[in-house]
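Engineer:
2 protein chains.
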Amino acid sequence: MKSAYSEASPGERDDEKARARARHGELVDLGLALDMTRGKPCRAQLDLGNEILTCVGPTEVAAATLDPRNYGVIDGLPEAKALFGQYMGVGIGEVIVGGNSSLALMHDAIVRALLFGVPGGERPWSQAKPARFLCPSPGYDRHFTVCEHLGIEMIAVPMTEDGPDMDEVEHLVASDDSVVGMWCVPRYSNPTGITYSDETTRRLAAMPARARDFRIFWDNAYAVHHLTDSPRPLLNILDAAKESGHPNRPLLFGSTSKVSFAGAGVAAMAASEENIADQKRHISAQSIGPDKVNQLRHVKFFGDMAGIEAHMKRHATIIRPKFEAVVAAFDTQLAKTGVAALSRPRGGYFFSLDALAGTARRIVDLAAEAGVKLTPAGATYPYGKDPNDRNIRLAPTFPEPEEIDQAMDVICNSVKLASLEKLG
Amino acid sequence: MKSAYSEASPGERDDEKARARARHGELVDLGLALDMTRGKPCRAQLDLGNEILTCVGPTEVAAATLDPRNYGVIDGLPEAKALFGQYMGVGIGEVIVGGNSSLALMHDAIVRALLFGVPGGERPWSQAKPARFLCPSPGYDRHFTVCEHLGIEMIAVPMTEDGPDMDEVEHLVASDDSVVGMWCVPRYSNPTGITYSDETTRRLAAMPARARDFRIFWDNAYAVHHLTDSPRPLLNILDAAKESGHPNRPLLFGSTSKVSFAGAGVAAMAASEENIADQKRHISAQSIGPDKVNQLRHVKFFGDMAGIEAHMKRHATIIRPKFEAVVAAFDTQLAKTGVAALSRPRGGYFFSLDALAGTARRIVDLAAEAGVKLTPAGATYPYGKDPNDRNIRLAPTFPEPEEIDQAMDVICNSVKLASLEKLG
């Protein structure tokens, strides 16, 4: 069919549906087993960092500022604090370098706020009854899982091309004392791929908050994960918050999970010195310190920010063709149908596919029948409930390029079939 | 003086005090700077494990059951679960292998119990108002810090040569619904060095508990840390608890902090499958998984339990002379005074020195004047308060042997002077 489905006649749509159904049967018969669910680096990406495995031996240990093998220092090896201070764009007293998981840093920061409150607050968050978080959606399912698990009520806020809908954010934050937090993935947002505009960041930093203990969880997971040479700039929210007189508002997070190794990288947290001192006080009761040997491995391998940036270009070389394959398949097979829109990310790990309202679950089910596993429909919304049942996240980095082509054939045909079923 | 201070005449004691005071002045003039505060492995011990740093390269990664560099598995690399299941003496479904800190596993397990409760319980611990922990004392200061930080009330229970005073433990646990937990360091107890008798372990496993959500935190930190070839056997409390019909009672913890690297080892938790499932459910919201590359390093380096045991013999060869130096100095300089008793540990990391009641703080202060840093008096009791002001923990592993001799000269003279001041 050459025209959009909405402009086609009922007969044309019936013919197209029959073709899509027949094609679905053929695809099912292929017996594929492909997985587009999670933002996992592929083997070739992980291989880029293989020197990390062995770059710290006894010589490097002996040359470190302190013995990284032994106990000590709650906030990280000094040379790691220097590197990750740069990575996070903050001063040396504004960063904590931790273990392998930035999600754990975020989860634990929320747990501490629930139990003890935060600097400037007058209550543990658990007394907000219920504590509420703003959740720009579509968003990152694991953020939402943390909130749901910890009993924090989630309020979905729409996403735009410039970040969350700031009029709505400002209204909610200014009016509701129980809104204590907000999730943000400011660069190459998971899954929509957009980067917050300077105006969005400035408004987030400056907006009045009813709750004195309001915090922004700024998960800059894709800080250096560019697919182009001309990334949209991102303002440093800690700088903006200081300028606006709210230095304690943002908690910044990052990691090398998608720079070095997804399971064996280094995570970091950055914030005002007052927030950092508060976190360190709590962490001191939890642990004697992070794995400093792995921190040293990262310092030795990357050296400095230029080393990280050069490394990320090698990642981009591997994954760019995969992103291009997704776009090419969509443009060839789906664009003209007019029933779906695909994001055009310039970095990060995801595509966001918006289908006809009421078809996302069906699309995911159809793809599963044909052996292509997708993130469950709804996962990009709080409580796993997409009110319009239309958003699907695609993760193209882990499969091989030829697998992407196969998977996209399945996905595009599933979108066609589900849409035509819906349109009747 | 040849006799015990208590049997000496006032004149003899005055002479001895003058000698001790003069000696103190000489020691102060030496300008020493020694540290006997923390149970830290020394450099030579850490060097024993240097192959761990580089024993996993791309070849070992490729041969693993799954790619340890990538995301995945919340409870540890399968081969690490096999090794640490053996280490903890439990089945493969009863162990979680984590990051570098067993303290974090304990802290986080308590936080989860406070927020959510535990299997078989009907309330979050935070509703016990206040939740109480039994704390065999002298005990491990960081256990007490976790409780104090999290608002858990601590009840000190006396230690005997066979473990905590079980009559008192049984009474408290049977009668008080708010007693939800208990700390135990069952082998080479920190700091007294004793190992729990089989009867103690059986009574802990079998005793009736008023609180249905009562848990024993079994921190077997020194499971394989023997200084002799004939360690006192320790019963497996999970087996004993199953036999007594309380399979969910114990949570077992261990780590390689004092086997491989203090700051870059591997920690593990063991418990009934029901407890493990509960922990995994919570951990799944906190993290995408532990550092599996470091787990693989440990598997490759140690191989099996025999490998760990052989390695611990090399540790013992390094630290045994340090323990002997402490004993020799005590026996030569202090034993005959009758004013102090020293533990005779057959493993672990500490000595426990019991001085005259009311002198421990003074001893620590005098030693500090002479440049020897000791763990603060009282640290081995809940809230840092030794009711008798008599217990001091000595940690001999980190200093060099000649430093131990110097430090013990200072400590012994400080005990003499403080005791004679007290005796008048």
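Residue numbers (the numbering used here), protein chains in the order written: chain A, 29 to 452; chain B, 29 to 452.
From the three backbone atoms N, C-alpha and C, an ideal C-beta is built for every residue, glycine too.
Computed from a prediction, not measured in an experiment: that's the story for all the values here.
(1) Along chain B, which residues have their Cβ under 7 Å away from the Cβ of A/TYR411?
(2) A/ILE124 by DSSP, collapsed to three states: which one?
(3) Which class does A/VAL185 belong to by DSSP, given the choice of helix, strand or coil?
(4) Report the three-state DSSP secondary structure of A/SER283 (helix, strand or coil).
(5) Can you tell me the Cα-Cα spacing of A/TYR250 and B/HIS326, whole angstroms?
(6) Does the pairing of the stretch 275 to 283 of chain A with the stretch 248 to 262 of chain A give three or more beta-carbon distances under 8 Å?
(7) Name the DSSP beta bridge partners of B/MET210, please?
(8) So who's on the other strand from A/ASP382, going by DSSP bridges?
(9) Can you pull the chain C neighbours of B/PHE289, defined as C-beta to C-beta under 7 Å?
(10) Taking just the CA atoms, how far does B/ALA298 sit from A/ASN303?
(11) Got a sec, what are the start and stop residues for the beta strand (DSSP E) A/MET297 sits in?
(12) Using a beta-carbon distance cut-off of less than 7 Å, what residues from the stretch 194 to 221 of chain A approach chain B?
(13) Could I get the ranges of all uninterrupted alpha helix (DSSP H) runs contained in the stretch 251 to 338 of chain A, with 4 residues as the minimum, in chain order?
(14) Does DSSP classify A/PRO410 as helix, strand or coil?
(15) Does DSSP put B/LEU55 in a helix, a strand or coil?
(16) Do B/PHE378 and B/ARG421 have their beta-carbon atoms positioned less than 8 Å apart in this structure?
(17) For A/LEU362, return the contacting residues in chain B, with the cut-off set at a CB-CB distance below 9 Å.
(18) Return the CA-CA distance between A/ARG41 and A/GLY406, expressed in angstroms with no decimal places.
(19) Of all the CB atoms in chain A, is at least one closer than 8 Å to the CB of B/GLY59?
(20) For the stretch 171 to 193 of chain B, list every residue whose C-beta sits within 9 Å of some C-beta in chain A, in sequence order.
(21) Are the Cβ atoms of B/VAL84 and A/LEU81 separated by less than 8 Å?
(22) DSSP three-state call for B/PRO106: helix, strand or coil?
(23) In chain A, which residues lie less than 7 Å from B/THR408 when you measure between Cβ atoms?
(24) Excluding the five sequence neighbours on either side, which residues of its own chain have a C-beta within less than 8 Å of the C-beta of A/GLU44, listed in chain order?
(25) Using a Cβ cut-off of 8 Å (strictly closer), state whether A/ARG421 contacts chain B.
(26) How is B/LYS25 classed by DSSP in three states: helix, strand or coil?
(27) Does at least one heavy atom of the ligand GDP sit under 7 Å from the Cβ of B/CYS175?
(28) My output table needs one value for B/GLY452: the three-state DSSP class, helix, strand or coil.
(29) Do the CB positions of A/THR256 and A/SER380 come within less than 8 Å of each other?
(30) When DSSP labels each residue in this structure, what does B/LYS341 get in the three-state scheme?
(31) Do A/PRO429 and A/ALA353 count as a contact pair if the criterion is CB distance below 8 Å?
(32) Taking the alpha helix (DSSP H) that B/VAL118 belongs to, which residues open and close that run?
(33) Per DSSP, what kind of secondary structure is A/ASP433 in: helix, strand or coil?
(34) Which of the three DSSP states is assigned to B/PRO349 in this structure?
(35) Of the choices B/GLY412, B/ASP433, B/GLU301 and B/ASN416, whose alpha-carbon is the least far from that of B/VAL146?
(36) Looking only at its chain, what residues have a beta carbon closer than 6 Å to the beta carbon of A/ILE102, apart from the 5 residues adjacent to it on each side?
Structural biologist: So, to answer that:
(1) Indexing the first sequence from 1 puts residue 411 of chain A at position 383. Those do not exist, as A/TYR411 stays about 14 Å from chain B at its closest Cβ, beyond 7 Å.
(2) Counting from one through the first sequence, the residue named residue 124 of chain A turns up at place 96. Residue state, collapsed to three classes: strand.
(3) For the purposes of this step, residue 185 of chain A is taken as the residue at position 157 of the first sequence. Reduced to three states, the DSSP call for A/VAL185 is strand.
(4) Against the first sequence, residue 283 of chain A aligns to sequence position 255. A/SER283 falls in the strand class under three-state DSSP.
(5) Position 222 of the first sequence holds residue 250 of chain A. Position 298 of the second sequence holds residue 326 of chain B. Taking the straight line from one Cα to the other gives about 31 Å.
(6) yes
(7) Looking up residue 210 of chain B in the second sequence gives position 182. Answer is B/LEU162 and B/ILE244.
(8) Working through the first sequence from its first residue, we reach residue 382 of chain A at position 354. DSSP, once it has assigned bridges, lists A/ALA369 and A/ASN419 as partnering A/ASP382.
(9) Looking for chain C here will not work: the only protein chains present are A and B.
(10) On the first sequence, residue 303 of chain A is found 275 positions in, with the first residue counted as 1. On the second sequence, residue 298 of chain B is found 270 positions in, with the first residue counted as 1. Cα to Cα, the separation comes out at about 34 Å.
(11) As a first step, residue 297 of chain A must be located in the first sequence, where it is residue number 269. A/MET297 -> beta strand (DSSP E) spans 295 to 298.
(12) none
(13) 265 to 271, 301 to 314 and 320 to 330
(14) Counting from one through the first sequence, the residue named residue 410 of chain A turns up at place 382. A/PRO410 falls in the helix class under three-state DSSP.
(15) In the second sequence, the residue the question calls residue 55 of chain B occupies position 27. Correct three-state label for B/LEU55: helix.
(16) Your numbering for residue 421 of chain B matches position 393 in the second sequence. Your numbering for residue 378 of chain B matches position 350 in the second sequence. Going by C-beta atoms, B/ARG421 is nearer than 8 Å to B/PHE378.
(17) Within the first sequence, numbered from 1, the residue matching residue 362 of chain A stands at position 334. Simply none; closest approach about 29 Å.
(18) Within the first sequence, numbered from 1, the residue matching residue 41 of chain A stands at position 13. Within the first sequence, numbered from 1, the residue matching residue 406 of chain A stands at position 378. For A/ARG41 and A/GLY406, the distance between alpha carbons rounds to 27 Å.
(19) For the purposes of this step, residue 59 of chain B is identified with residue 31 of the second sequence, where counting begins at 1. No, no contact with chain A.
(20) THR173, VAL174, GLU176, HIS177, LEU178 and GLY179
(21) Position 56 of the second sequence holds residue 84 of chain B. Position 53 of the first sequence holds residue 81 of chain A. In contact: B/VAL84 and A/LEU81 (Cβ atoms closer than 8 Å).
(22) Within the second sequence, residue 106 of chain B is the residue found at index 78, counting from 1. B/PRO106: helix per DSSP, three-state reduction.
(23) One-based indexing of the second sequence puts residue 408 of chain B at position 380. Under the 7 Å cutoff, chain A gives no residues; its nearest Cβ is about 17 Å from B/THR408.
(24) On the first sequence, residue 44 of chain A is found 16 positions in, with the first residue counted as 1. Cβ within range, chain order: MET29, TYR33, ALA36, LYS444 and LEU448.
(25) Along the first sequence, one-based indexing puts residue 421 of chain A at 393. A/ARG421 does not count as touching chain B.
(26) Shown here, chain B extends from 29 to 452; a query on residue 25 of chain B therefore has no answer.
(27) As for the ligand GDP, it is missing from this structure, which has no ligand bound.
(28) Translated into the one-based positions of the second sequence, residue 452 of chain B becomes position 424. It is coil, neither helix nor strand.
(29) Here the question's residue 256 of chain A lines up with position 228 in the first sequence. Here the question's residue 380 of chain A lines up with position 352 in the first sequence. Not in contact: A/THR256 and A/SER380 (Cβ atoms no closer than 8 Å).
(30) Indexing the second sequence from 1 puts residue 341 of chain B at position 313. In this structure, B/LYS341 counts as helix in the three-state DSSP scheme.
(31) Numbered from its first residue, the first sequence carries residue 353 of chain A at position 325. Numbered from its first residue, the first sequence carries residue 429 of chain A at position 401. Their beta carbons are under 8 Å apart, which means A/ALA353 touches A/PRO429 by this criterion.
(32) Position 90 of the second sequence, counted from the start, is the residue given in the question as residue 118 of chain B. Where B/VAL118 is concerned, there is no enclosing alpha helix (DSSP H), given that its DSSP letter is neither H nor E.
(33) Stepping through the first sequence from its first residue, residue 433 of chain A is reached at position 405. Helix, per DSSP.
(34) For the purposes of this step, residue 349 of chain B is taken as the residue at position 321 of the second sequence. Helix.
(35) Your numbering for residue 146 of chain B matches position 118 in the second sequence. Comparing Cα positions, the closest option is B/GLU301.
(36) Stepping through the first sequence from its first residue, residue 102 of chain A is reached at position 74. These residues qualify, in order along the chain: LYS308, ILE311, SER312 and GLY317.
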